Amino acid sequence: MPRRELPATARNPQPDAERIAAIRLIRSENVGPVTFRDLLSHYGSARTALEALPELSRRGGRRQPIRICPQSEAEAEISRAERFGAELILVGDPDYPTPLAALDAPPPLLYAKGDTSLLQKPTIAIVGSRQCSAAGAKLARLFATEIGRAGFVVASGLARGIDAAAHQAAISTGTIAVLAGGIDHVYPPEHDTLQQAIGERGCLLSEMPFGFIPRGQDFPRRNRIVSGLSLGVLIIEAARRSGTLVTARLAAEQGREVFAVPGHPLDPRAEGTNKLLKSGATFVTEPADILSALSPQLNVPAPQLREEPLATPHDTSPPSDDDRGRVLSALGPAPVDIDSVARATGLPIRSVQIAVMELALAGRLERHGGLISSSTPGGDLYPGP
5 MPRRELPATA RNPQPDAERI AAIRLIRSEN VGPVTFRDLL SHYGSARTAL
55 EALPELSRRG GRRQPIRICP QSEAEAEISR AERFGAELIL VGDPDYPTPL
105 AALDAPPPLL YAKGDTSLLQ KPTIAIVGSR QCSAAGAKLA RLFATEIGRA
155 GFVVASGLAR GIDAAAHQAA ISTGTIAVLA GGIDHVYPPE HDTLQQAIGE
205 RGCLLSEMPF GFIPRGQDFP RRNRIVSGLS LGVLIIEAAR RSGTLVTARL
255 AAEQGREVFA VPGHPLDPRA EGTNKLLKSG ATFVTEPADI LSALSPQLNV
305 PAPQLREEPL ATPHDTSPPS DDDRGRVLSA LGPAPVDIDS VARATGLPIR
355 SVQIAVMELA LAGRLERHGG LISSSTPGGD LYPGP
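Numbered per our numbering, the sequence shown finishes at 389, counting up by one with no gaps.
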């Protein structure tokens, strides 16, 4: 499938200065997808938000200057991507995957290498055990082949086992591999040839900068992109405690359909999938089960990018120290939504939103998607690397 080519102005509608500012913002200390969204909603542009970071973090109680990504680092990041033949896609760009953009706090930027037109096609994720059985791998290939023939793209995380089998079977019809590290980093090492093939015939996708080596906490970040890209997620073999079940949970939270293939009750690789089925996942035994369940969604208008603007800098005074203290006092280790904090404190919702943004930048609370909790210093749950 030939790569879609668009005029540069269509692919990158934002001015270069704003794109560089967006990279600097997401790579700055304590800024993750949620805080990034809030800052842009509040200030209207990444450049203005960058200028405000020192004051916002100071108001939140930070004593040391917050680290802001230098422009030289952002420019070097773009240069590395260009040398590797990858494309930078910011949320709001035409190439940005529509289902992902509709999430509450989508990844602010993505790097893509290969056929970026796949990002606009209906997608089904297939994930499962790294130590899969021969039967599990055969099922993954069967489902991926038939799903691809039906016109769907197959997404997965390029892990060993089920992921690799699904990618291999769908590479001729369209597959997206979401990476936990930079696109130039191969993991696991034995997938070097497969990763290269997907970069040429499918699409490699990552929110991480080039050269970034993934840590343990980066794999759930990858999983949320795998599920967020997709209309539904198929689980084939998953242990009771596994990253695959994390993907299933994220998919359910994102409103995606979760499918599971049942397994033998005595096989530990089937404990997780059987548990999912008991919890309400859709029982499937053949590709037609998934296709019939998801086909009606193809006639539904595409979801729109969520826009929940905060107060502008001119319509609300900054919260007072007392207001911030009340917000912190209302928080505990269990994550809660901002509406609950507003009710507990009696503060206007906009004051709470701004206070939370300031406190997150100061590293005094944690953000879990749309929820917040008390924290040791750390800020956003998904900080930029």
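Idealized CB from N, CA, C, for every residue including glycine.
Only a predicted model underlies this, so the values are computations on that prediction, with no experimental measurement involved.
- For THR286, DSSP records a beta bridge to PHE263.
- No Cβ-Cβ contact shorter than 7 Å links ARG134 with CYS73.
- Assignment of alpha helix (DSSP H) within the stretch 74-109, counting only whole runs of 4 or more residues, yields 75-88, 102-105 in chain order.
- Taking a C-beta distance under 7 Å as the contact criterion, VAL157 and ILE180 qualify as a contact pair.
- Per DSSP, ALA252 is one residue of the alpha helix (DSSP H) stretching across 247-257.
- ASP341 is bridged by DSSP to LEU375.
- For ALA346, the CB contacts under 6 Å within the same chain, skipping 5 residues up- and downstream, are ILE353, VAL356 in chain order.
- DSSP places ALA181 in the strand class (E or B) of the three-state scheme.
- The beta-bridge partner set that DSSP reports for ALA116 consists of GLU91, LEU209.
- For ALA163, there is no enclosing alpha helix (DSSP H), since its DSSP letter is neither H nor E.
- The three-state secondary structure of GLY329, taken from DSSP, is helix.
- Cβ neighbours of LEU375 within its own chain (closer than 7 Å, five residues either side excluded): PRO339, VAL340, ASP341.
- Between ALA144 and ALA170, the CB-CB gap stays under 7 Å.
- Nearest C-alpha to ARG328 among LEU351, PRO266, GLY336: LEU351.
- Per DSSP, GLY152 lies in no beta strand (DSSP E); the unbroken alpha helix (DSSP H) holding it starts and ends at 138-153.
- Counting along the chain, LEU122 sits inside no alpha helix (DSSP H), nor does DSSP assign it H or E at all.
- With a cutoff of 7 Å on beta-carbon distance, ALA78 and ARG51 are scored as not near each other.
- When the five nearest sequence neighbours on each side are left out, the beta carbons in the same chain lying within less than 6 Å of the beta carbon of GLN199 are those of VAL190, in order along the chain.
- Counting of Cβ neighbours within 10 angstroms places LEU363 among the buried residues, the total reaching 16 or more.
- Under DSSP, the beta-bridge partners assigned to GLY132 are ILE240.
- If you compare the alpha carbons of SER61, ARG228, LEU209, LEU270 with that of GLU33, the shortest gap goes to SER61.
- Collapsing the DSSP output to three states places GLU370 in a strand.
- The straight-line gap separating the alpha-carbon atoms of ILE70 and LEU43 is approximately 15 Å.
- Across the structure, LEU280 and ARG87 are spaced so that their CA atoms are roughly 43 Å apart.
- In terms of Cβ geometry, VAL265 and ALA252 do not form a close pair [threshold 7 Å].
- Judged by DSSP secondary structure, PHE223 falls within the alpha helix (DSSP H) whose first and last residues are 222-232.
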